[in-house]
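**Q** Using the working numbering, the first residue of the sequence shown is number 124, and each one after it goes up by one.
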Amino acid sequence: MKWSVYFLFLLVPAIAGGASFTQVGVGGDFVSRQDRLYFARWDGSLTALDIESGEPVLRARGDFWGSLRDVPEGLLVLGYWRWRLLDWDTLHELQGKDRVYSSQYRNEIVVYDDGYGHFTALRLQTDEVLWTFSRPGAVSLRIDGEHVLLHCSGRYGYGTPVIVLLDLFTGEEIF
124 MKWSVYFLFL
134 LVPAIAGGAS
144 FTQVGVGGDF
154 VSRQDRLYFA
164 RWDGSLTALD
174 IESGEPVLRA
184 RGDFWGSLRD
194 VPEGLLVLGY
204 WRWRLLDWDT
214 LHELQGKDRV
224 YSSQYRNEIV
234 VYDDGYGHFT
244 ALRLQTDEVL
254 WTFSRPGAVS
264 LRIDGEHVLL
274 HCSGRYGYGT
284 PVIVLLDLFT
294 GEEIF
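1) On the CB-based measure, 16 or more other CB atoms within 10 Å of its CB, does F298 come out buried or exposed?
2) I'd like the span of the beta strand (DSSP E) that includes T243, first residue to last.
3) For G202, which option in Y224, E216, H215 has the closest C-alpha, if you only look at C-alpha atoms?
4) Assess contact between the segment 179-188 and the segment 226-235, defined as three or more Cβ pairs (one per stretch) separated by less than 8 Å. Is contact present?
5) Around the Cβ of T170, are there at least 16 other Cβ atoms within 10 angstroms (buried) or fewer (exposed)?
6) Kindly list the residues whose CB is nearer than 7 Å to the CB of W254, restricted to its own chain and excluding five residues on each side of it in sequence; keep chain order.
7) Can you say whether V262 is buried or exposed, counting buried as having 16 or more other CB atoms within 10 angstroms of its CB?
8) Just verifying my parser: in three-state terms, what is the DSSP assignment at F144?
9) Per DSSP, which one or two residues make a beta bridge with Y235?
10) Identify, in the order they occur along the chain, each residue of the same chain with its Cβ nearer than 6 Å to the Cβ of I174, setting aside the five sequence neighbours on each side.
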């Protein structure tokens with residue numbers, strides 16, 4: 124009896140014919156520019172649609188997770204573990220960085236963390252590193268106006284939480 128029940132569970136899917144499907148929706152925000160609408164999908168691809176017809180114009184496969192930003196240099200994708208700058212017309216990568224976290228953009232500058240408390244500010248237009256700053260521990264990063272706010276929560280259960288305010292353009296520690 125025991126083996127016949129297992130055999131039945133194995134036989135039913137074979138007779139019924141197994142099928143699977145994938146439903147891929149919009150995986151974040153979108154950006155409209157000129158006559159196109161750009162959005163990331165849950166499968167990591169990036170799609171551009173013609174605004175008038177709704178027909179796909181471009182599609183790029185990859186890991187395009189995150190927020191999309193219309194910046195002077197191109198289409199900026201700020202993901203959790205990477206950032207990418209893409210050409211509007213081809214969706215080819217112009218610049219990018221992997222294994223970085225908390226990437227944020229303001230005033231043509233991307234600020235990111237390497238996951239070990241080392242921060243870098245990069246000017247997109249020139250690919251110039253403006254400054255670096257190190258503060259070990261779990262850190263959250265926010266940019267507002269011309270300032271970068273870091274909240275350092277200590278390191279693995281010891282250490283004192285610290286809030287650091289930096290100048291966005293120079294990396295100078297304000298407090």
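All C-beta atoms in this analysis are idealised placements derived from N, C-alpha and C, irrespective of residue type, glycine included.
**A** A quick look at the data gives this:
1) exposed
2) 241-246
3) Among Y224, E216, H215, the Cα nearest to that of G202 is on Y224.
4) no
5) buried
6) A244, T293, G294
7) Looking at its Cβ environment, which holds 16 or more other Cβ atoms inside 10 Å, V262 is buried.
8) Per-residue confidence for F144 stands at a pLDDT of 45, beneath the threshold of 50, marking its modelled position as unreliable; no derived number is given.
9) Bridge partners of Y235 according to DSSP: T243.
10) D158, L160
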